[in-house]
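Under UniProt numbering, the first residue of the sequence shown is numbered 1, with each subsequent residue one higher. Structure, as structure tokens:
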Amino acid sequence: MASKAMWEVDPETRSKLLAIQKESGNSLCCDCNAPSPQWASPKFGIFICLSCAGVHRGLGVHISFVRSISMDAFKPVEIERMRLGGNDNWKKFFDEHEDTQMRGLTWDDATIAERYNGAAGEEWKERLSAKVEGKEYVPGERKSTPAPSTLQTKGLAPGGNGSRAATPLSGTANNRPQSPSTAGGKVKVDDKYFESLGATNASRPEDLPPNQGGKYAGFGNTPAPKQEKELPKLEDLQKDPLAAITKGFGWFSSTVTKTATSVNKDFIQPTTKQLGESDFAAQARTF
């Protein structure tokens, strides 16, 4: 309930705004001179009409934040900005500002964007804030965007200790050995480069997959065909009896499967077909 009451339009605030509107040219829109403006920009301490308020909204709330003097509530600090500001005071400040004169502008020939989105507008808002806070305006105390830290700057700079290669995300790739052609950060792709790749690949073991340091296929060599399983030799039995016996069982099961398939195809199926077509089968079906 407290927050709701804070934003309710109370008669006292309304009466204060009406009293301020009678002073300093505030009875006309600051931008187009339309009579009885019903909107205000507390940041600049000015009164504007509905049409110009729409243009102010397009500038962004960081430049000008508008409120209705009859429907929106005003904070005490915003009321004070309206009292200390004023349409005429802002227009005079704009025309006399150094940046405005350097650009050859005047209030009458400048657009709304040129009036409020510039050095004159920023300084006016800062001076108005100093008045509201009871402080003396000191030039050069504008709020600036903080510069990136030294660590961030080094992290984005190419080369050196602060290069991207030093970040944790690239730590794995940074541990890989570099070839002479890539150590300096540049790769010269020519015949020697591919020859070095082929020589490196040839030195890799063939009994391991590539992701474990084994040889890659496709660098001018074809993978050796898998040899047919054969019976274990006497040397295999002496070196590793268990592996030799397992190999023998694999050969035995493979041979039995092939033999059974061959017998079924070459002997059983033709014999069954011949029996089905013989007179013996016809006589058996009559019983």
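The C-beta atom is built at its ideal place from N, Cα and C for all residues, glycine as well. Here the structure is a predicted model, which is why all the values come from computation and not from measurement.
{"Check": "Continuous alpha helix (DSSP H) stretch holding Phe93: start and end", "Outcome": "87-96"}
{"Check": "Environment of Gly54 [buried if 16+ CB atoms lie within 10 Å]", "Outcome": "exposed"}
{"Check": "Trp107: first and last residue of the uninterrupted beta strand (DSSP E) it sits in", "Outcome": "Neither: Trp107 is in no beta strand (DSSP E) and is coded neither H nor E."}
{"Check": "Own chain, CB closer than 6 Å to Lys16, minus 5 neighbours either side, in chain order", "Outcome": "Ile79"}
{"Check": "Straight-line gap, Ser36 to Glu23 (C-alpha atoms, nearest Å)", "Outcome": "12 Å"}
{"Check": "Per-residue DSSP class, three states only, for Ile20", "Outcome": "helix"}
{"Check": "Beta carbon of Cys29 nearer than 9 Å to that of Phe47", "Outcome": "yes"}
{"Check": "The segment 112-125 / the segment 84-103 touching (three or more Cβ pairs under 8 Å)", "Outcome": "yes"}
{"Check": "Three-state secondary structure assigned by DSSP to Leu50", "Outcome": "helix"}
{"Check": "Bridge partner(s) assigned by DSSP for Arg115", "Outcome": "Arg115 is not bridged to any residue."}
{"Check": "Separation of Asn89 from Asp31, as counted between CA atoms", "Outcome": "13 Å"}
{"Check": "Between the CA atoms of Gly104 and residue 350 - distance to the nearest angstrom", "Outcome": "Past the edges of the chain, shown from 1 to 287, lies residue 350, and the structure says nothing about it."}
{"Check": "Arg81 vs Pro139 beta-carbon contact at 9 Å", "Outcome": "no"}
{"Check": "Cβ-Cβ separation, Glu206 to Gly214 (assumed contact under 8 Å), whole Å", "Outcome": "7 Å"}
{"Check": "Burial state of Thr145, where buried means 16 or more other Cβ atoms lie within 10 Å", "Outcome": "With a pLDDT of 38 at Thr145, under the threshold of 50, the predicted position of this residue should be treated as unreliable, though the coordinate-derived value follows. Thr145 is exposed by the Cβ-count criterion."}
{"Check": "C-alpha distance - Leu18 paired with Ala113, whole-angstrom precision", "Outcome": "27 Å"}
{"Check": "Beta-carbon contacts of Phe93 that lie in its chain and below 6 Å, excluding the five residues immediately before and after", "Outcome": "Trp124"}
{"Check": "Best match in Glu136, Thr200, Ala40 for proximity to Asn87 [C-alpha to C-alpha]", "Outcome": "Ala40"}
{"Check": "Helix, strand or coil at Ala40 according to DSSP, with G and I counted as helix", "Outcome": "strand"}
{"Check": "Spatial distance of Leu59 from Phe65 (CA atoms)", "Outcome": "9 Å"}
{"Check": "CA-to-CA distance, Thr106 to Glu136, given in whole angstroms", "Outcome": "27 Å"}
{"Check": "Cβ shell of Gly85 (< 7 Å), same chain only, five flanking positions each side left out", "Outcome": "Phe44, Gly45, Ile46, Leu128"}
{"Check": "Buried or exposed by the 16-neighbour rule on C-beta atoms within 10 Å, applied to Arg57", "Outcome": "exposed"}
{"Check": "Contacting residues, own chain, Cβ-Cβ under 7 Å from Ile20 (five flanking each side not counted)", "Outcome": "Asn26, Met82, Arg83"}
{"Check": "Through-space distance from Lys91 to Glu12, alpha-carbon basis", "Outcome": "28 Å"}
{"Check": "Cutoff 6 Å; reference Ile63; Cβ partners in own chain excluding five residues on either side", "Outcome": "Tyr116, Asn117"}
{"Check": "Enclosing alpha helix (DSSP H) for Ile79 [first to last residue]", "Outcome": "76-84"}
{"Check": "Anticipated Cβ contact below 8 Å, Cys49 with Ala34, distance rounded", "Outcome": "4 Å"}
{"Check": "Within 9 Å, strictly: CB atoms of Val77 and Val132", "Outcome": "yes"}
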